Amino acid sequence: MSKRFVGKVVLVTGGGEGIGRAAALAFAREGAEVVVAGRHPEMLHETVEEITALGGRASCGIADVSDHEKEDARAIVAACVERHGRLDVAFNNVTELGPDEPVAEISESTWGETLAANLTGVWLSMKHEIAHMESNGGGVIVNTASNIGAQGMLPGRGAYAASKAAVSTLTQTAAREYIDKGVRINAISPCPLGRGAKVEEIAETVLWLASEEASYVVGHDLVLDRKTAL
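If you want it as structure tokens, here you go:
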């Protein structure tokens, strides 16, 4: 069976652990050159080492994509293009769950930090990813939302739920705006608590959405939680 991402360059933000690491490994197994980005260098280097140990190709970049003043989102896309000449797929996976607090008890700083990490970071990443892809023949973007946002299923996570619901809406809007320009955008909504799906299972869904097999899927937020599907 041929590998689906041979010759493709893939950027994974939040690639140092969890779903991001699993996706980075899965993309590398399918032949992609992978760049993982995030705020924790030790974790990113571990991901790169795991990929290279499997015979894959990977590098990393330290970046806080939610910080618009540092322009890390722009810089990491530029680094991908400088290193590899292109960017074909982006998986925007940075996620901050935040504290467990009722809505009226959420502090302004917690609210701002959670929305910056989960929403502003995705918007800034897409802003620069789309700009490159639109000018270079297209590409695919997958964003991580959450079924807490889609289903409103967990009290005590108001800031997280609001930010992830907004990611879903942002994804759908951007998908409609850019599909005619060759950029295909979707989201996944895994469950961060409880048994929704293993990270490897979620990673396989990300790869499917990024592949030609899903070329007809646009603007979809795919909920990955067997409990809500029953």
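Each residue of the sequence shown is one higher than the last, beginning at 1 in the UniProt record's numbering.
No residue lacks a Cβ here, since even glycine has one placed at the ideal position from N, Cα and C.
Every value quoted in this text rests on a predicted model; they were computed, and no experiment measured them.
request  = Decide if L230 is buried, meaning its Cβ has at least 16 other Cβ atoms within 10 Å, or exposed.
outcome  = Numbered from its first residue, the sequence shown carries residue 230 at position 230. Residue confidence is low: L230 scores 32 on pLDDT, short of 50, so the model does not pin down where it sits. No coordinate-derived value is stated.
ask   = Between the C-alpha atoms of A166 and P190, what's the straight-line distance to the nearest angstrom?
value = One-based indexing of the sequence shown puts residue 166 at position 166. One-based indexing of the sequence shown puts residue 190 at position 190. One C-alpha to the other measures close to 15 angstroms.
ask   = What's the gap between the Cα of V218 and the Cα of H40?
value = Here residue 218 is taken as the residue at index 218 of the sequence shown, counted from 1. Here residue 40 is taken as the residue at index 40 of the sequence shown, counted from 1. Their backbone Cα atoms lie some 32 angstroms apart in a straight line.
query = What are the complete beta strand (DSSP E) segments, minimum 3 residues, inside the stretch 85-139?
reply = Correct list: 89-92.
request  = Using only alpha-carbon positions, find the residue among A26, V9, V6 and L11 that is nearest to V199.
outcome  = Locating residue 199 in the sequence shown gives position 199, counting from the first residue. Closest by alpha carbon: A26.
ask   = Just reading off the beta strand (DSSP E) that A53 is part of, what are its end residues?
value = By one-based count along the sequence shown, residue 53 stands at place 53. Run containing A53: none in the beta strand (DSSP E); it sits in the alpha helix (DSSP H), P41 to A53.
Nearest candidate by alpha-carbon position, reference E30, set Y216, R57, A79 and E177 = Within the sequence shown, numbered from 1, the residue matching residue 30 stands at position 30. Closest option to E30, Cα to Cα, is R57.
inquiry  = Which runs of the alpha helix (DSSP H) at least 4 residues long sit entirely within the stretch 181-212? Give them in chain order.
reply    = 199-210
ask   = From the beta carbon of K181, is the nearest beta carbon of chain C less than 9 angstroms away?
value = Note that chain C does not occur in the displayed structure, where there is just one protein chain.
query = Would DSSP call V10 helix, strand or coil?
reply = Numbered from 1 along the sequence shown, position 10 holds the residue referred to as residue 10. Of the three classes helix, strand and coil, the one that applies to V10 here is strand, per DSSP.
task = Consult DSSP for E33 and reduce its assignment to one of helix, strand or coil.
result = The sequence position of residue 33 within the sequence shown is 33, counting from 1. Strand at E33.
request  = Keeping to the same chain, check which residues put their C-beta closer than 6 angstroms to that of I76; ignore five residues upstream and five downstream.
outcome  = Locating residue 76 in the sequence shown gives position 76, counting from the first residue. Once the five neighbours on either side are set aside, the close Cβ partners of I76 are A37, G61 and A63.
ask   = Roughly how many angstroms lie between the CA atoms of V122 and V65, to the nearest whole one?
value = To locate residue 122, count along the sequence shown from 1; it is residue 122. To locate residue 65, count along the sequence shown from 1; it is residue 65. Going from the Cα of V122 to the Cα of V65 covers about 8 angstroms.
query = Nearest CA to the CA of A78: which residue from E105, K127 and I106?
reply = Taking the first residue of the sequence shown as 1, we reach residue 78 at position 78. The shortest C-alpha separation from A78 is found at K127.
request  = Within 10 angstroms of the Cβ of S146, are there 16 or more other Cβ atoms? Answer buried if so, exposed if not.
outcome  = Numbered from its first residue, the sequence shown carries residue 146 at position 146. Under this definition S146 is a buried residue.
key: Pair within 9 angstroms by beta-carbon distance, D221 and I179   = Locating residue 221 in the sequence shown gives position 221, counting from the first residue. Locating residue 179 in the sequence shown gives position 179, counting from the first residue. Going by C-beta atoms, D221 is not nearer than 9 angstroms to I179.
task = Can you give me the Cβ contacts of E204 inside the same chain, cut-off strictly under 8 angstroms, excluding the 5 residues immediately before and after it?
result = On the sequence shown, position 204 is the one that residue 204 refers to. Excluding sequence neighbours, E204 sits near A26.
query = Are the beta-carbon atoms belonging to L54 and V34 less than 9 angstroms from one another?
reply = Your numbering for residue 54 matches position 54 in the sequence shown. Your numbering for residue 34 matches position 34 in the sequence shown. No.
ask   = Which whole-angstrom value is the C-beta distance of A131 and V94, which I expect to be below 8 angstroms?
value = In the sequence shown, residue 131 corresponds to position 131, counting from 1. In the sequence shown, residue 94 corresponds to position 94, counting from 1. With a Cβ gap of about 19 angstroms, A131 and V94 do not count as contacting.
inquiry  = Please report the distance separating the alpha-carbon of R86 from that of A174.
reply    = Translated into the one-based positions of the sequence shown, residue 86 becomes position 86. Translated into the one-based positions of the sequence shown, residue 174 becomes position 174. Going from the Cα of R86 to the Cα of A174 covers about 21 angstroms.
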